[in-house]
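Okay, structure first, notes after.
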Amino acid sequence: MQSVLSKFKEAIDSRNRAALTEMLPLVMEENDLGEIFSHGVYPVLNNAREEFQNRRLGIPELLLSLDLVSTVLKAVSKDVEIPKRNRHIVLGVIEGDTHDMGKNIIRDLYRGYGFEVTDLGKNVRVSQFVDAAVSVNADIVGISTMMSTTLDRLGEVIQLLKEKIPGVKVIVGGAFINQKIADGLKADAYAEDAATLIETTDGLLA
Amino acid sequence: MKHMEIPAETIDPQMVLRNLGYGNSSPSPEVSDLIDNSLQKARGIRGIKGAYTVKSITGRSDSGLQTEFGWIDSPRFAAISKDASELVFGLVTAGEAVDEKVNQSANMIEACIWDALGTVISEQAVDRLLTVITSETGEELSMPFSPGYCDWELPGQRVVFNALNPSVLGVSYFKDSFMMTPQKSVSFVACMGKGDMDKNPCRYCNMKKCFMRRK
Numbered sequence: 001m002q003s004v005l006s007k008f009k010e011a012i013d014s015r016n017r018a019a020l021t022e023m024l025p026l027v028m029e030e031n032d033l034g035e036i037f038s039h040g041v042y043p044v045l046n047n048a049r050e051e052f053q054n055r056r057l058g059i060p061e062l063l064l065s066l067d068l069v070s071t072v073l074k075a076v077s078k079d080v081e082i083p084k085r086n087r088h089i090v091l092g093v094i095e096g097d098t099h100d101m102g103k104n105i106i107r108d109l110y111r112g113y114g115f116e117v118t119d120l121g122k123n124v125r126v127s128q129f130v131d132a133a134v135s136v137n138a139d140i141v142g143i144s145t146m147m148s149t150t151l152d153r154l155g156e157v158i159q160l161l162k163e164k165i166p167g168v169k170v171i172v173g174g175a176f177i178n179q180k181i182a183d184g185l186k187a188d189a190y191a192e193d194a195a196t197l198i199e200t201t202d203g204l205l206a
Numbered sequence: 207m208k209h210m211e212i213p214a215e216t217i218d219p220q221m222v223l224r225n226l227g228y229g230n231s232s233p234s235p236e237v238s239d240l241i242d243n244s245l246q247k248a249r250g251i252r253g254i255k256g257a258y259t260v261k262s263i264t265g266r267s268d269s270g271l272q273t274e275f276g277w278i279d280s281p282r283f284a285a286i287s288k289d290a291s292e293l294v295f296g297l298v299t300a301g302e303a304v305d306e307k308v309n310q311s312a313n314m315i316e317a318c319i320w321d322a323l324g325t326v327i328s329e330q331a332v333d334r335l336l337t338v339i340t341s342e343t344g345e346e347l348s349m350p351f352s353p354g355y356c357d358w359e360l361p362g363q364r365v366v367f368n369a370l371n372p373s374v375l376g377v378s379y380f381k382d383s384f385m386m387t388p389q390k391s392v393s394f395v396a397c398m399g400k401g402d403m404d405k406n407p408c409r410y411c412n413m414k415k416c417f418m419r420r421k
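As given, the protein sequences belong to chains A and B, one line each in that order.
Read in our numbering, the first sequence has 35 at position 35, and its numbers run on one by one without any break.
Converting from the second sequence to our numbering requires adding 206 to each position, the first position being numbered 1.
Below you can see the structure in the form of structure tokens.
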């Protein structure tokens with residue numbers, strides 16, 4: 001007979017909100033939070049990211065999965081401390097660019113995996129990145145751009161962050177960025193897409 | 207300056223799907239319904255507009271082009287313009303309705319779909335405008351080249367806006383960031399000339415994996 005956790009997992013996997021709502025109280029009754037996340041939520045999210053990477057799923061399906069995970073997070077956090085990673089990420093789109101859809105997806109993904117996120121929005125000045133990262137003692141700063149002409153400012157913010165917060169890691173991503181450009185900017189990592197971001201982030205924080 | 211309304215009825219659903227990350231796969235039935243519903247609404251949108259003007263090149267060097275509206279500071283655009291007789295300045299906008307749809311979306315999924323629709327509407331509007339220009343002038347055009355892309359910095363927006371009268375289209379740009387509003391707007395310059403002229407600025411760029419690279 002299929003376990004409650006397995007049915008719960010299936011509900012997220014099939015992005016079935018009604019089934020998830022039905023299974024949520026049952027799974028919370030029978031499992032501790034560690035089990036719910038490590039055997040239920042994260043395997044399904046990992047699978048969704050892999051499917052997205054292989055272009056078998058589109059962005060909307062990935063967002064639907066994240067939305068369901070957000071529902072789970074809200075439900076469980078009413079009563080107990082949810083399993084946070086105790087890592088703080090500051091995110092924003094660099095000044096000179098207002099394309100923020102990709103950054104918003106990354107934000108939801110990070111939150112889905114239990115990271116604390118400070119979202120600075122779009123067209124963010126260099127000083128705003130640095131001030132926010134200092135203020136929350138960020139572990140990681142993620143900077144996004146879709147425009148090739150913002151690269152100088154990206155280099156500037158990375159240099160300033162490294163000066164002000166020794167040990168902070170900077171991830172850059174966006175349409176024009178690749179590993180070579182990220183290396184040239186002295187970023188710690190290049191986020192190729194939403195599919196590989198969590199592994200890249202975990203690698204930096206290890 | 208010539209300006210025109212551009213119909214939205216021809217939005218290509220396949221382009222929308224590609225923008226949403228689908229390769230050879232199809233959306234799930236739930237998402238498919240959402241996309242179809244938004245597509246239907248998008249096809250009823252009015253206010254998609256385009257404008258262009260043809261102007262002379264008043265000076266040139268390896269680093270850019272001089273026009274009466276300002277200096278186009280781009281070695282790559284200068285490289286493809288060597289055989290151009292004139293320049294076309296163009297602007298299209300998907301209009302405020304698309305920005306409103308993105309901003310008023312109930313959730314990220316809806317916002318994402320409308321963002322993709324806005325991108326496709328503006329990209330198709332550029333293609334439509336280029337076709338109209340070619341037909342009206344009888345000349346060939348290079349691929350469009352926009353401020354903020356390749357080696358042309360965003361302040362180049364001033365040159366395009368000086369050459370046009372963007373208020374007719376309801377488009378303006380922020381003086382500090384040079385980003386346009388409505389957001390789904392595309393400003394560009396293109397070379398005009400005879401059929402054998404150079405048309406692709408990407409030939410002069412070494413970024414082989416650039417997502418904007420054109421063949």
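Each residue gets a CB set at the ideal place from its N, CA and C atoms; glycine is no exception.
This one's a predicted model, so the numbers in the text were calculated from it and none came from an experiment.
Inset, instruction - Apply the 10 Å Cβ neighbour rule to B:Pro353 and answer buried if 16 or more other Cβ atoms are within range, or exposed otherwise. - result: Note on B:Pro353: 16 or more other CB atoms within 10 angstroms of its CB, so buried under the neighbour-count rule.
Inset, instruction - Using a cut-off of 9 Å between C-beta atoms, extract the partners of B:Gln389 located in chain A. - result: Within chain A, Thr98, His99 have C-beta atoms less than 9 Å from the C-beta of B:Gln389, given in sequence order.
Inset, instruction - Classify A:Asp100 as helix, strand or coil using the three-state DSSP reduction. - result: In this structure, A:Asp100 counts as coil in the three-state DSSP scheme.
Inset, instruction - Counting only runs of 3+ residues fully inside the region 231–268 of chain B, write out the beta strand (DSSP E) ranges in chain order. - result: For the region 231–268 of chain B, whole beta strand (DSSP E) runs of length 3 or above, ordered along the chain, are 255–262, 265–267.
Inset, instruction - Would you tell me roughly how many angstroms separate the C-alpha atoms of A:Leu24 and A:Phe115, rounded to the nearest one? - result: If I take the Cα positions, the gap works out to 22 Å.
Legend entry - Minimum Cβ-Cβ distance from A:Arg147 to chain B less than 8 Å: The residue you asked about is not Arg; residue 147 of chain A is Met in the sequence shown. At least one chain B Cβ lies under 8 Å of A:Met147.
Inset, instruction - Identify, in the order they occur along the chain, each residue of the same chain with its Cβ nearer than 8 Å to the Cβ of B:Thr340, setting aside the five sequence neighbours on each side. - result: Within the same chain, Cβ atoms closer than 8 Å to the Cβ of B:Thr340 are found at Glu346, Leu347, the five residues on either side in sequence being excluded.
Inset, instruction - Using only alpha-carbon positions, find the residue among A:Ala189, A:Arg55, A:Phe129, A:Ser38 that is nearest to B:Ser234. - result: The shortest Cα separation from B:Ser234 among A:Ala189, A:Arg55, A:Phe129, A:Ser38 belongs to A:Arg55.
Legend entry - Residue closest to B:Met398, alpha-carbon to alpha-carbon, out of B:Met349, B:Arg249, B:Leu323: Answer by Cα proximity: B:Met349.
Legend entry - C-beta atoms of A:Asn123 and A:His88 nearer than 8 Å: Contact flag unset, no.
Legend entry - chain A residues whose Cβ lies nearer than 7 Å to that of B:Met385: Against chain A, a Cβ distance below 7 Å from B:Met385 picks out Thr98, Asn123.
Legend entry - B:Val260 vs B:Thr325 beta-carbon contact at 8 Å: No, the pair does not count as a contact, with Cβ atoms beyond the cut-off.
Inset, instruction - Kindly indicate if chain A contains any beta-carbon less than 8 Å away from that of B:Asn309. - result: Closer than 8 Å: no.
Inset, instruction - Closer than 8 Å by beta-carbon distance: list the chain B residues that pair up with A:Arg15, in chain order. - result: Under the 8 Å cutoff, chain B gives Ser234, Glu236.
Legend entry - Completely contained alpha helix (DSSP H) runs for the region 111–160 of chain A, where each covers 4 or more residues: Qualifying alpha helix (DSSP H) stretches, in chain order: 126–136.
Legend entry - Any alpha helix (DSSP H) of 4 or more consecutive residues that is wholly inside the region 28–82 of chain A: Within the region 28–82 of chain A, the complete alpha helix (DSSP H) runs of at least 4 residues are 42–53, 59–77.
Inset, instruction - Could you list which residues in chain A have their beta carbon closer than 7 Å to that of B:Glu359, in chain order? - result: Listed along chain A, the residues sitting closer than 7 Å to B:Glu359 by beta-carbon distance are Thr149.
Inset, instruction - Could you have a look at B:Thr273 and say whether DSSP puts it in helix, strand or coil? - result: When secondary structure is reduced to three states using DSSP, B:Thr273 falls in the strand class.
Inset, instruction - Indicate whether A:Leu91 and A:Leu62 have their beta-carbon atoms separated by less than 8 Å. - result: Cβ distance not < 8 Å, so A:Leu91 and A:Leu62 don't count as in contact.
Legend entry - Close beta carbons around B:Pro219, own chain, < 7 Å, minus the five adjacent residues each side: Taken in chain order, the residues that qualify are Leu245.
Inset, instruction - Can you give me the start and stop residues for the beta strand (DSSP E) that B:Glu211 sits inside? - result: Its beta strand (DSSP E) spans residues 208–211.
Inset, instruction - Starting from the beta carbon of B:Gly227, find every residue of chain A whose beta carbon is closer than 7 Å, and list them in chain order. - result: Chain A residues near B:Gly227: Phe52, Arg55, Gly58, Ile59.
Inset, instruction - Measuring only between beta-carbons, confirm whether B:Met314 sits less than 8 Å from chain A. - result: Yes, B:Met314 counts as interfacial toward chain A.
Inset, instruction - Note the first and the last residue of the continuous beta strand (DSSP E) segment covering B:Ser429. - result: No answer is possible for residue 429 of chain B: the residues shown for chain B start at 207 and end at 421.
Inset, instruction - Can you tell me the Cβ-Cβ gap for B:Ala257 and B:Leu297, rounded? I've got them flagged as a contact below 8 Å. - result: Their Cβ separation, rounded to whole angstroms, is 5 Å, which keeps B:Ala257 and B:Leu297 in contact under 8 Å.
Inset, instruction - Please name the residue, chosen from B:Ile254, B:Pro372, B:Ile286, B:Arg282, that lies closest to B:Ile327 on a Cα-to-Cα basis. - result: Ranking the options by Cα distance to B:Ile327, first place goes to B:Ile254.
Inset, instruction - Within the same chain, show all residues whose beta-carbon is closer than 7 Å to that of A:Ala132, passing over the 5 residues directly before and after it, in chain order. - result: Within the same chain, Val90, Thr118, Leu120 come within 7 Å of A:Ala132 by CB-CB distance, once the 5 residues on both sides are set aside.
Legend entry - N- and C-terminal bounds of the beta strand (DSSP E) containing B:Lys290: According to the sequence shown, residue 290 of chain B is Ala rather than Lys. Element bounds for B:Ala290: n/a, residue is neither H nor E.
Legend entry - Chain-ordered neighbours of A:Leu63 on chain B, where CB pairs are closer than 7 Å: Close to A:Leu63, with beta-carbon spacing below 7 Å, are these residues of chain B in chain order: Met314, Ile315, Cys318.
Legend entry - Classification of B:Phe380 by the beta-carbon crowding that lies within 10 angstroms, buried from 16 upward: By the neighbour-count rule (16 or more Cβ atoms within 10 Å), B:Phe380 is not buried but exposed.
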